[in-house]
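Visitor:
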Amino acid sequence: MKEIIIATKNKGKAKDFEELLEPMGYKVLTLHDVAPHLDVEETGETFEENAVLKAETIAQELQATVIADDSGLEIDALNGEPGVYSARYSGEEKNDDSNIDKVLQKLVQVPDDEKTARFRCVLALASPGKETIIFEGAVDGLITDERKGDNGFGYDPIFYVPALEKTMAEMKPSEKAAVSHRGNAIRELGKAMPGL
């Protein structure tokens, strides 16, 4: 099994990558496994800028191939917020519950049919001395008024996917992997992997 480094310390993200990459023959390693001291500040203004920044910095540091992602929630009624600030929407301490509370509070006056949103994920695959390759994935849905489900992380409990009639947090890992923004981006990456 080949090893691939994912530039994250987020256990939820690591699980998403394992779910999708292990069947392709890759053992997923995270920064916890290979470089717990490494931390790259996300100073980009787009998901793509942040993903590239993380992937290239860590690939250079470790002299290895690295996949980095930046992803988040874009809510149409909030002009695309929280966007690149999804993880720290309610403050620097990155608290899922207070982030959800802030979104729900901002949407109180918005009619249900206008609570359209999408999760977007941009993956950057970087290797020292090679051009970085970008992959993208998205999933459309609606923001619910209350949390539902115990699976997932982040905004999953309030992100409803009409096609499956459940929130991301109500889905089994295999269901989530089949429809999620990260799943869609990783499948794009997977198509390219054999040739890399």
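Residue numbers for the sequence shown follow the numbering used here, so the first one is 1053 and each next one is one higher. The C-beta atom is built at its ideal place from N, Cα and C for all residues, glycine as well. Nothing here was measured: the structure is a model prediction, and the numbers come from that model.
By Cβ distance, which residues of its chain are closer than 6 Å to N1188, with the 5 residues on each side in sequence left out?
Guide: For this step, residue 1188 is matched to residue 136 along the sequence shown. Per the sequence presented here, residue 1188 reads as Glu, with Asn not at that position. Here the set comprises V1174 and A1237.
Visitor: For the beta strand (DSSP E) that L1090 lies in, which residues bound it at each end?
Guide: The residue you call residue 1090 lines up with position 38 of the sequence shown. Element bounds for L1090: n/a, residue is neither H nor E.
Visitor: Within its chain, find whatever has a CB closer than 8 Å to the CB of A1215; leave out the 5 residues flanking it on each side and keep chain order.
Guide: For the purposes of this step, residue 1215 is taken as residue 163 along the sequence shown, with counting starting at 1. Counting only Cβ-Cβ distances below 8 Å, and skipping sequence neighbours, we find V1231.
Visitor: Quick check on the DSSP output: the alpha helix (DSSP H) that includes A1103 runs from which residue to which?
Guide: Locating residue 1103 in the sequence shown gives position 51, where the first residue counts as 1. Run containing A1103: F1099 to L1114, per the alpha helix (DSSP H) assignment.
Visitor: For the beta strand (DSSP E) that K1061 lies in, which residues bound it at each end?
Guide: Mapped onto the sequence shown, residue 1061 falls at position 9. It is not in any beta strand (DSSP E) - K1061 carries neither H nor E in the DSSP assignment.
Visitor: Quick one: Cα of E1133 to Cα of V1104, how far?
Guide: Working through the sequence shown from its first residue, we reach residue 1133 at position 81. Working through the sequence shown from its first residue, we reach residue 1104 at position 52. About 21 Å.
Visitor: Which of the three DSSP states, helix, strand or coil, is assigned to R1259?
Guide: Because the chain is modelled from 1053 through 1248, residue 1259 falls outside the range shown and cannot be assessed.
Visitor: List the endpoints of the continuous alpha helix (DSSP H) containing L1156.
Guide: Here residue 1156 is taken as the residue at index 104 of the sequence shown, counted from 1. Counting along the chain, the alpha helix (DSSP H) containing L1156 begins and ends at D1148 to K1158.
Visitor: Can you tell me whether F1171 is helix, strand or coil according to DSSP?
Guide: Working through the sequence shown from its first residue, we reach residue 1171 at position 119. Strand at F1171.
Visitor: What are the partner residues of A1178, as DSSP defines its beta bridges?
Guide: The residue you call residue 1178 lines up with position 126 of the sequence shown. A1178 is bridged to V1118.
Visitor: Run the CB neighbour count on P1075, radius 10 Å, all protein chains shown included, and call it buried at 16 or more, exposed below.
Guide: Along the sequence shown, one-based indexing puts residue 1075 at 23. That one is exposed.
Visitor: Which whole-angstrom value describes the C-beta separation of E1093 and V1136, a residue pair presumed to lie in contact below a C-beta threshold of 8 Å?
Guide: As a working mapping, residue 1093 is identified with position 41 in the sequence shown. As a working mapping, residue 1136 is identified with position 84 in the sequence shown. Contact doesn't hold; Cβ gap of about 13 Å is too wide.
Visitor: CB I1186 to CB F1211, shorter than 8 Å?
Guide: One-based indexing of the sequence shown puts residue 1186 at position 134. One-based indexing of the sequence shown puts residue 1211 at position 159. No.
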